[in-house]
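Just so we're aligned, residue 1 is where the sequence shown starts under our numbering, counting upward by one.
All C-beta atoms, glycine included, are put in the ideal place defined by N, C-alpha and C.
Below is one structure; the comments refer to it alone.
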Amino acid sequence: MDITAKAMTELLPTDILFQTSFWAQVKARVGLKPRAFDLRTAGPEKDVLVLLKPFGAHSIALVPQGPEFAPPEEEYGAFLEDFSLALAQTLDPGVAFIRYDLPWTSPYAGELQEQDRDAFPEPRLRELRMNMGTRFWNIKKAPEDMTVASSLVVDLADDEDLMLMRMKPKTRYNIKVAQRKDVAVQLGSARDLPAFYALYRETARRDGFSPCGLKHFSAMFQSLIADPGHSELLFLLARHGADLLAGAIVGIAGESAHFLYGASANIKRNFMAPSLMHWTGMLLARARGCVRYEMGAVSPSADPAHPFYGLYRFKTGFGGRIEYRSGSWDYPLLPDVYQELRNSESMYAAYAHQDAHL
């Protein structure tokens with residue numbers, strides 16, 4: 001396998017927002033070092049975006065939802081091993097490990113769908129399967145997934161009536177409630193970030209997650225200005241009168257729209273603003289040529305005990321399907337350092353919860 005460095009602006013067009021030059025610029029503005037590489041194998045041209053994050057005296061190479069190219073399922077491990085060894089030759093010797101957030105379909109997708117299972121197998125069993133066919137058995141399941149392994153995707157290719165028909169009756173009803181109550185969904189700009197961020201922090205306190213800093217959101221809009229035409233953000237704001245009830249940032253790359261961040265108010269929750277906001281986002285994304293609207297994290301099945309069950313109930317209401325992906329995997333390059341980092345609570349805080357969206 002041959003890997004060669006190239007300019008960030010030469011990254012190939014892709015439907016994966018996190019593998020674009022736009023995302024590279026966003027992460028560069030928050031302290032990561034992006035690098036782009038051509039990947040030469042048999043078949044069409046391929047490339048990959050890698051983000052280098054300093055960690056003490058070392059650094060970590062993060063591959064956000066990449067490599068995009070997926071080999072046959074039985075070759076996942078062997079391909080990842082070959083790719084890691086080739087990539088290591090181009091990286092600084094201080095890189096302790098490579099962490100992949102694989103967008104590839106999970107080998108357990110069929111079982112999760114057919115058996116309505118509520119979880120992936122335990123990491124040890126997943127590692128055994130991933131390392132089959134490798135030479136060094138050095139691929140480790142990351143302690144947490146950088147992005148979500150189970151994501152709800154809504155098909156935008158059909159007309160509006162069919163899209164509404166695929167929704168659950170309760171979701172269609174909630175959209176109509178918001179319309180009857182005169183909730184207005186509009187596109188915001190960078191000037192609206194402070195109001196959105198205040199609502200986002202309110203949501204984090206209510207739902208118990210660690211919020212990103214305002215710097216990250218500012219970096220997204222700054223990067224759009226610096227890299228026009230390659231990606232787009234839909235900054236959705238749902239208001240009733242003077243009250244901001246909900247907000248969302250949706251990134252568009254190619255034919256895919258990615259729901260990245262959302263927020264909702266504690267007031268007027270019976271106005272169902274988030275339902276109308278996402279429906280409006282789907283229509284706007286569809287008008288821009290998107291054929292899929294990725295809503296992000298859900299529980300693998302309808303399990304009330306799962307922490308993402310509330311997201312499952314809300315998002316599956318819009319129809320669509322759950323895509324089960326392979327999740328995050330590590331390839332240690334400095335085994336002793338890697339083990340120290342794996343044992344460090346600070347590493348878990350820095351990577352398991354750093355953005356929720358690399």
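Original post:
Cα separation between Ala157 and Val291?
Top reply: 5 angstroms
Subject >> Counted within 10 angstroms of its Cβ, other Cβ atoms place Arg269 as buried (16 or more) or exposed >> reply: exposed
Original post:
By DSSP, does Ser84 sit in helix, in strand, or in coil?
Top reply: Three-state result, Ser84: helix.
Original post:
Excluding the five sequence neighbours on either side, which residues of its own chain have a C-beta within less than 6 angstroms of the C-beta of Gly188, listed in chain order?
Top reply: Phe235 and Leu237
Subject >> Pick from Leu283, Ala305, Ala70 and Pro64 that is closest to Val185, judged by C-alpha positions >> reply: Cα-wise, what sits closest to Val185 is Leu283.
**OP:** Using three-state DSSP, classify Ser151 as helix, strand or coil.
**Re:** strand
Subject >> Length of the line joining the Cα atoms of His353 and Ser210 >> reply: Reliability of the predicted coordinates at His353 is poor, the pLDDT of 41 falling under 50, and the value obtained from them is presented with this limitation in mind. Taking the straight line joining both Cα atoms gives about 7 angstroms.
Original post:
Taking one C-beta from the region 33-49 and one from the region 294-310 each time, how about it: are there three or more such pairs within less than 8 angstroms?
Top reply: no
**OP:** Please check the pair Phe120 and Gln65, which I expect to be a contact at CB under 8 angstroms, by giving their CB distance rounded to whole angstroms.
**Re:** With 8 angstroms as the limit, Phe120 and Gln65 do not qualify as a contact, their Cβ atoms being about 18 angstroms apart.
Original post:
So, do the region 13-28 and the region 248-260 have three or more beta carbon pairs nearer to each other than 8 angstroms?
Top reply: yes
**OP:** Note down the Cα distance separating Thr203 from Gly110, rounded to an integer number of angstroms.
**Re:** Spanning the two alpha carbons is a distance of roughly 34 angstroms.
Original post:
Looking only at DSSP bridge pairs, what is Asp101 linked to?
Top reply: Ser328
**OP:** Please work out which residues of its chain come closer than 6 angstroms, Cβ to Cβ, to Ile98, disregarding the five sequence neighbours upstream and downstream, and give them in chain order.
**Re:** Ala61, Ser84 and Tyr331
Original post:
Would you say Val153 and Glu294 are within 7 angstroms of each other, going by their C-beta atoms?
Top reply: yes
Subject >> Nearest candidate by alpha-carbon position, reference Arg191, set Leu214, Tyr173 and Arg180 >> reply: Leu214
Subject >> Residue span of the alpha helix (DSSP H) that contains Glu127, given as start and end >> reply: Pro123 to Asn131
Original post:
To the nearest angstrom, how far is it from the Cα of Val50 to the Cα of Leu12?
Top reply: 14 angstroms
**OP:** Using DSSP bridges, identify the partner residues of Ile139.
**Re:** In DSSP, Ile139 forms no bridge with anything.
**OP:** Could you have a look at Ser301 and say whether DSSP puts it in helix, strand or coil?
**Re:** coil
Original post:
Where His216 and Ser106 are concerned, what is the direct C-alpha to C-alpha distance, given to the nearest angstrom?
Top reply: 30 angstroms
Subject >> Length-filtered (3 minimum) beta strand (DSSP E) runs lying within the region 185-252 >> reply: 232-240
**OP:** Rounded to whole angstroms, what's the CA-CA distance from Val48 to His240? Just pull it up for me.
**Re:** 43 angstroms
Subject >> Thr134 and Ile3 closer than 7 angstroms at C-beta >> reply: Taking 7 angstroms as the cut-off, the Cβ atoms of Thr134 and Ile3 do not count as close.
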